[in-house]
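Down below is the structure, laid out as structure tokens.
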Amino acid sequence: MYVLVINAGSSSLKYQLLNMTDESVLAKGLCERIGIDGRLVHETDKGKHTADHAMPDHGAAMAIVLDSLLDANHGVLKSKAEIKAVGHRVVHGGEAFAASVEITAEVEAAIEAVSELAPLHNPPNLTGIRACKQHMPGVPQVAVFDTAFHQTMPEKAYLYAIDYALYEKYKIRRYGFHGTSHKYVAAQGAELLGRPQSELKIVTCHLGNGVSLCAVDKGVSVDTSMGMTPLEGLAMGTRCGDIDPAVVQFIMEKEGISAQEAGDLLNKKSGVLGISGVSSDFRDLCAAAEGGNLRACAAMDVFAYRVAGYIGRYAACMNGLDAVVFTAGIGENDCGIRERVCAYLTWFGVSIDPAKNAKRGEALDISAPDAKVRVLVVPTNEELVIARDTKTVLKL
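FYI, in the numbering used here the residues of the sequence shown are 1 to 396.
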């Protein structure tokens with residue numbers, strides 16, 4: 001039984017086709033530069049296929065994806081009818097969705113209604129949904145929300161200390177993101193430890209270009225670092241993370257810029273890119289730091305310091321900590337960042353084995369034998385979570 005997973009961005013469309021009988025990936029790829037010119041990267045066990053195609057919109061991109069899956073040379077399907085369902089990553093579900101749901105006209109309208117909370121993400125997600133409806137009419141579709149896993153947070157964790165009327169009127173609160181990733185790696189971490197989630201307190205660290213941490217107590221999210229938008233929390237690739245709100249007004253007045261321009265500055269020109277002036281890519285930062293670039297060193301120090309600080313905060317919030325789980329591009333592959341973060345955590349029993357920590361991109365326990373708190377590395381797999389949820393929701 002085949003499920004197609006779609007993650008639509010403003011000018012991109014990522015996809016995976018999974019056989020849910022054994023959860024194997026049959027094909028995966030990316031359509032990029034949609035609305036500009038168009039490029040396809042398509043991978044199967046036959047190899048990688050790349051080609052330039054005109055992609056004026058997501059509908060055209062979706063047609064190219066289906067053609068590629070059906071192609072005699074690099075395809076894996078004989079007919080579109082083999083695709084039994086489509087699962088979509090949807091970034092923001094607001095308070096309306098605490099779980100994945102089958103997409104109906106009412107669900108589409110609800111996703112659109114909260115688009116003002118995620119204007120860079122929800123509109124493209126809807127475009128992907130509508131492109132699939134256009135090319136696969138009648139095939140059931142499921143929305144899997146980044147925010148859903150965090151809907152278990154208690155009021156004390158999600159409320160902001162602002163006039164409560166503003167929360168009631170505009171639903172201004174912490175929502176959190178990367179929920180599918182946090183959900184997956186927390187479960188995999190428990191499996192790696194050989195213990196049920198119901199008895200574990202875990203901090204999951206999704207460290208990529210976007211960064212968020214999550215306090216997972218007995219298998220449920222009780223706090224997370226991103227807020228109403230993905231801008232709150234840790235210093236990230238290009239996002240500032242936590243900042244004195246008065247700084248925004250100060251910058252706008254001093255620089256003579258609009259609210260939109262200030263938002264662009266904090267979302268796209270800040271974070272480790274802003275501090276270093278070098279790059280948002282940690283490989284570039286590491287090379288620059290090794291070459292003596294002090295701003296690159298400072299950016300990496302800020303990043304690790306804040307990650308460690310949030311881990312300590314969540315250990316306090318949960319009144320205990322059994323494991324820290326690192327995931328995503330930096331978390332899975334950057335042993336130097338893991339070492340920097342863990343160096344702050346020795347006081348409550350974190351100790352890592354340098355030889356194990358030197359490994360990259362595989363699931364393992366990198367703790368020293370005598371560590372009281374385990375440190376794990378778990379490669380994330382958000383597409384598999386989306387496919388599993390799609391199968392469950394539709395009872396396939």
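We put the CB at the ideal spot given by N, CA and C, even for glycine.
Per DSSP, cross-strand counterpart(s) of residue i
i	result
His42	Gly29 and His49
Thr224	Cys214
Ser10	Answer by DSSP bridge pairing: none, since Ser10 is not bridged.
Thr132	The sequence shown places Cys at residue 132, not Thr. Looking at the DSSP assignment, Cys132 forms no beta bridge with any residue, so it has no partner.
Ala323	Ile202 and Arg374
Ser367	Ile352
Leu17	Leu4 and Ala27
Leu207	Val211
Option nearest residue i by Cα separation, candidates the options
i	options	result
Leu153	Ser258, Ser221 and Leu285	Looking at the sequence shown, residue 153 is not Leu but Met. Nearest of Ser258, Ser221 and Leu285 to Met153, Cα basis: Ser221.
Thr224	Asp45, Tyr310 and His121	Tyr310
Thr238	Lys218, Lys269 and Gly219	Lys269
Arg33	Leu13, Asp22 and Ala27	Leu13
Asp146	Asp389, Leu396 and Leu394	Asp389
Asn122	Val375, Tyr167 and Ser11	Ser11
Cys31	Asp22, Thr21, His42 and Glu23	His42
Gln16	Asp57, Asp52, His53 and Ala85	Ala85
Gly208	Phe282, Cys317 and Met1	Phe282
Pro196	Ser79, Cys205, His182 and Lys218	Lys218
Ile352	Ala328, Gly329, Ala323 and Ile330	Ala323
Lys156	Glu112, Met318, Val350 and Met55	Met318
Asp244	Leu266, Asp45, Asn19 and His178	Leu266
Lys201	Pro354, Gly312 and Glu82	Gly312
Ala355	Leu345, Val216, Thr346 and Glu339	Glu339
His182	Tyr160, Leu166 and Val216	Val216
Phe326	Lys46, Gln188 and Ala288	Gln188
Lys48	Cys297, Lys28 and Ile337	Lys28
Ile103	Asn125, Ala54 and Cys214	Asn125
Ala105	Gln141, Ala51, Ile83 and Leu120	Gln141
His178	Pro137, Ser198 and Pro230	Pro230
Ser280	Gly210, Asp52 and Cys214	Gly210
Glu447	Met55, Glu23, Asn19 and Arg89	A question about residue 447 goes unanswered here, because the residues of the chain that appear run from 1 up to 396.
Ile337	Arg306, Phe250, Trp347 and Val5	Arg306
Glu116	Tyr170, Lys80, His53 and Asp22	Tyr170
Sub-7 Å separation of residue i and residue j beta-carbons
i	j	result
Gly87	Val25	no
Leu321	Val373	yes
Gly94	Val107	no
Val203	Tyr314	yes
Ala8	Thr180	no
Met228	Ile162	no
Val144	Ala118	no
Val185	Thr380	yes
Gly233	Ser212	yes
Ala148	Ala109	no
Ala235	Val302	yes
Leu66	His150	no
Cys342	Ala358	no
Gly176	Met226	yes
Cys205	Gly331	yes
Tyr158	Arg174	yes
Gly271	Arg295	no
Met1	Leu394	no
Asn333	Gly292	no
Ala299	Leu285	yes
Ala316	Tyr344	no
Ala289	Cys297	yes
Heavy atom of the ligand PLP within 6 Å of residue i beta-carbon
i	result
Thr346	Of the ligands one can find in the structure shown there are none, so the ligand PLP has no counterpart to examine.
Next item on the list: Indicate whether the contact test is met: 3 or more Cβ pairs, each with one atom in the stretch 360 to 371 and one in the stretch 65 to 85, closer than 8 Å.
Entry: No: the two stretches stay apart, fewer than three of their Cβ pairs being nearer than 8 Å.
Check: Is it true that the stretch 32 to 40 meets the stretch 52 to 69, where meeting means three or more beta-carbon pairs spaced less than 8 Å apart?
Finding: Taking 8 Å as the limit for Cβ pairs, the verdict is that the stretch 52 to 69 does touch the stretch 32 to 40.
Item checked: At least 3 beta-carbon pairs within less than 8 Å: the stretch 250 to 263 vs the stretch 189 to 197 -> Result no; under three Cβ-Cβ pairs closer than 8 Å.
Notebook entry, point to check: Do the stretch 376 to 396 and the stretch 118 to 135 meet, that is, are 3 or more Cβ pairs less than 8 Å apart?
Noted result: Not touching, per the Cβ criterion.
Notebook entry, point to check: Along the chain, which unbroken stretches of the beta strand (DSSP E) at least 3 residues long are found entirely within the stretch 45 to 104?
Noted result: Counting whole runs of 3 or more residues, the stretch 45 to 104 contains the beta strand (DSSP E) stretches 47 to 52 and 83 to 90.
Note to self: My parser needs the beta strand (DSSP E) runs of 3 or more residues fully inside the stretch 118 to 196; what are they?
What the structure shows: Under the rule that a run must span 3 or more residues, the beta strand (DSSP E) segments found entirely inside the stretch 118 to 196 read 141 to 145.
Checklist line | Contiguous alpha helix (DSSP H) assignments of at least 4 residues, all confined to the stretch 282 to 351 | finding: List check, alpha helix (DSSP H) in window: 282 to 290, 294 to 318, 328 to 333 and 335 to 343.
Margin query: As an exercise, report each continuous beta strand (DSSP E) stretch of at least 3 residues that is fully enclosed by the stretch 242 to 281, in chain order.
Written below: Segments of the beta strand (DSSP E) lying fully in the stretch 242 to 281: there are none.
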